[in-house]
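Following: one structure in structure tokens, then a few remarks.
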């Protein structure tokens, strides 16, 4: 599904990703763990196509197609979804309006018919109910004045609605209490399928108790330093990232 | 969603100089000689067959105007206007006075058709679902057609060109003309008083709720011609009327002058809702051409518990200088001003309102949303004052500016003045930018840069759009998107 090869990315003058290679298969949940400031969010921005995060060498292929030249909307239509670490507030735009505009923009880009309001409402309401999101929240401006937990749940709601092929969760667990964490994890687990891949970026093993990864990758110094199975997360929990930081110093 | 889609399709289909109404109509016209002097004023008055009192009124205004300086306090810059280099009267040749729609030059009807303004009543009636709107169409200096007059007359509502009202209802015109905006009010209002050509007249009798929206559509066609229309609306006791105004002009390299005066009078318990969608030609992407829009609009809440509400969506004109105001004279009267002013390219906007609280327990509310893009400058200028006797006067002002791109400017200039200790005035102001975060977030969800900007801007102006009649709100939303075309990278 996703093939990243020898990716170098600079933001301004500074090189953040220094030859990152990663492969995620359809149906796989890949966890990326690592200390602060190693470029985990940069990786998610590069995959999603944020301006200012330019690849100098290497490529990012989604189902065989190099997506680095596409703009964020085109990538979204091809199934890339990023659950933001800090979801953005859009004042005055009702959540419902935003969701419908986004969904139909993607459908148009893929040459699919737009969803009419009744069908759309049905889907949103179902998704909202399963995530414990109240109806009146859907009428409020998107993310404006939402609590941290509400914002994260709204990200998962959008993911459920947009049905991406590749979903990247950027520290979705940060700032969540244990109940909210469980709701979010249930939302993600419900979307797991053989056609869909996830990249779960996190500091802590805690989230991975709820979302069981198929593979775990340790990221440091702008590279994937080590890859393994779920047991790697436990090892990291025990020993921390010092081994990798030490390597960096060496 | 259909409307948004259409917006996007329209935005994509137009080039940088996106003004859609820029065509001109080739029609023979009857013009006064170029320049301005007492003979020209008499010429205009004679063309309209006006009574002596009105000719004198115009001449008095003209003489006063000669002594007045051009205002320079607004935050707008333009070369000095040569008032002798303009035509002050231009009429399509084939319309000697009011006539039925069948006799209107088909070329004119086609022009309005192209503009999307329905002038044939039967066509409007055929579309059962659309709400009916009576239209007065003003082409350069004269009104060419007014629809639904007969039906309005049944309700007792008078809706006709002001030149016609001078003939048919001289007592009303004489009583109210200049009673809200005095002849000597300001440079452009005084000029308008001397040379005004046409415009709409509305009188809604006591206790009547006007059965349909009234609308005037202004079109400047002729080159080097100033348009000076005059609108007078009187809502008698306990009546209600909603009035819409729209305007466009051809693309021309020269600047054209538009100096209108609108006067509203609301008597006891009457309500007037006045909405404008102003889309005069704004000039090209280099800042060439465009309309100078120097307009005086004022409403007088003359009666107790009267209510006047101004709603405006301003996207056009090279320069806008306009402050629709309310004089809250009657006790318990209410004034409102809802405004969206969008500027792009090299446009300059200096607009706002005045709420003058004279009566007791008067209330006013101002919601202004300015959106600047390109190299434009957008100023909100507003005055709120409470007279010594205005016990319990209340005002709420909210003034928000949104900046798109690094080369535009937004400015807020509020004047607040209270001579009564019981008055309560609140003022809130914000300035924000469409952030890269917002754009990236919306695009990550699948929206194009244009769609994302349109959505964010529509969110920003939502409280004002809600004040517009439904059909106009949709139109205004599209207009805003088109005006901002090319403003995001």
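Protein chains in written order, with our numbering: chain A, 87 to 336; chain B, 4 to 492.
Beta carbons: idealized from backbone N, C-alpha and C, even for Gly.
Just so it is clear, the structure is predicted and the values come from calculations on it, not from any experiment.
Environment of residue i [buried if 16+ CB atoms lie within 10 Å]
i: residue 313 of chain B; result: buried
i: residue 279 of chain A; result: exposed
i: residue 381 of chain B; result: buried
i: residue 165 of chain B; result: buried
i: residue 324 of chain A; result: exposed
i: residue 100 of chain B; result: For residue 100 of chain B, the pLDDT reaches just 44, beneath the cut-off of 50, and the residue's location in the model is therefore unreliable, leaving the point undetermined.
i: residue 331 of chain B; result: buried
i: residue 69 of chain B; result: exposed
i: residue 88 of chain B; result: exposed
i: residue 298 of chain A; result: exposed
i: residue 469 of chain B; result: exposed
i: residue 60 of chain B; result: buried
i: residue 336 of chain B; result: buried
i: residue 328 of chain B; result: buried
i: residue 342 of chain B; result: buried
i: residue 318 of chain B; result: buried
i: residue 279 of chain B; result: buried
i: residue 190 of chain A; result: buried
i: residue 134 of chain B; result: Note that residue 134 of chain B scores a pLDDT of 47, beneath 50, so its modelled location is shaky; the value from the coordinates is reported in the next line. Exposed, by the Cβ-count rule.
i: residue 425 of chain B; result: exposed
Which listed residue (the options) has its alpha carbon closest to that of residue i
i: residue 252 of chain A; options: A:107, A:119, A:92 and A:169; result: A:169
i: residue 94 of chain A; options: A:103, A:88 and A:203; result: A:103
i: residue 321 of chain B; options: B:79, B:448, B:278 and B:43; result: B:79
i: residue 234 of chain A; options: A:150, A:112, A:173 and A:121; result: A:173
i: residue 236 of chain A; options: A:218, A:225, A:204 and A:246; result: A:218
i: residue 431 of chain B; options: B:36, B:50, B:372 and B:478; result: B:372
i: residue 157 of chain B; options: B:201, B:207 and B:186; result: B:207
i: residue 231 of chain A; options: A:250, A:179, A:150 and A:167; result: A:179
i: residue 224 of chain A; options: A:191, A:255, A:287 and A:186; result: A:186
i: residue 358 of chain B; options: B:339, B:345 and B:56; result: B:339
i: residue 121 of chain A; options: A:317, A:311 and A:315; result: A:311
i: residue 435 of chain B; options: B:405, B:344, B:91 and B:351; result: B:405
i: residue 193 of chain A; options: A:112, A:262 and A:163; result: A:163
i: residue 242 of chain B; options: B:273, B:454, B:222 and B:234; result: B:273
i: residue 98 of chain A; options: A:138, A:134 and A:195; result: A:138
i: residue 192 of chain B; options: B:324, B:425, B:399 and B:459; result: B:324
i: residue 259 of chain A; options: A:272, A:308 and A:247; result: A:272
i: residue 64 of chain B; options: B:41, B:326 and B:221; result: B:41
i: residue 292 of chain A; options: A:265, A:282 and A:276; result: A:265
i: residue 93 of chain B; options: B:34, B:76, B:413 and B:55; result: B:34
Residue i: contacting residues in chain B (beta-carbon distance under 7 Å)
i: residue 158 of chain A; result: 443, 446 and 447
i: residue 227 of chain A; result: 462
i: residue 132 of chain A; result: Per Cβ cutoff of 7 Å: no residues; residue 132 of chain A is ~12 Å from chain B at best.
i: residue 192 of chain A; result: 449
Within chain B, the residues that residue i reaches when beta carbons sit closer than 9 Å
i: residue 302 of chain A; result: By Cβ distance, chain B contributes nothing, its closest Cβ being about 25 Å from residue 302 of chain A, past 9 Å.
i: residue 244 of chain A; result: 448
Chain-ordered neighbours of residue i on chain A, where CB pairs are closer than 7 Å
i: residue 440 of chain B; result: 174
i: residue 465 of chain B; result: 178
i: residue 453 of chain B; result: Residues of chain A passing the Cβ test: none, with the nearest at roughly 10 Å.
In DSSP terms, what residue i is bridged to
i: residue 119 of chain A; result: A:288 and A:304
i: residue 299 of chain B; result: B:264
i: residue 381 of chain B; result: B:352 and B:413
i: residue 283 of chain A; result: A:252
i: residue 185 of chain B; result: For residue 185 of chain B, which the question treats as bridged, DSSP gives no partner whatsoever.
i: residue 320 of chain B; result: DSSP lists no partner for residue 320 of chain B.
i: residue 180 of chain A; result: A:227
i: residue 315 of chain B; result: B:279 and B:342
Partner residues on chain A for residue i, Cβ-Cβ distance less than 9 Å
i: residue 459 of chain B; result: 176, 177, 178 and 179
Contacts that residue i makes with chain B (C-beta to C-beta distance below 8 Å)
i: residue 168 of chain A; result: 447
i: residue 195 of chain A; result: 449
i: residue 162 of chain A; result: 446, 447, 448 and 449
Residue-chain proximity (residue i, chain E), Cβ-Cβ < 8 Å
i: residue 200 of chain B; result: Looking at the structure shown, chain E is missing, and the protein chains on hand are A and B.
Relative to chain B, which residues along the region 176-187 of chain A have a C-beta separation below 9 Å, given in chain order?
-> 176, 177, 178, 179, 180, 183, 184, 185, 186 and 187
Give the residues from the region 135-154 of chain A that approach chain B closer than 9 Å (Cβ to any Cβ), ordered along the chain.
-> 135, 136, 137 and 138
Given a limit of 7 Å on CB to CB distance, which residues of the region 269-301 of chain B reach chain A?
-> none
Can you give me, in chain order, the residues of the region 408-434 of chain B that have a beta carbon less than 8 Å from any beta carbon in chain A?
-> none
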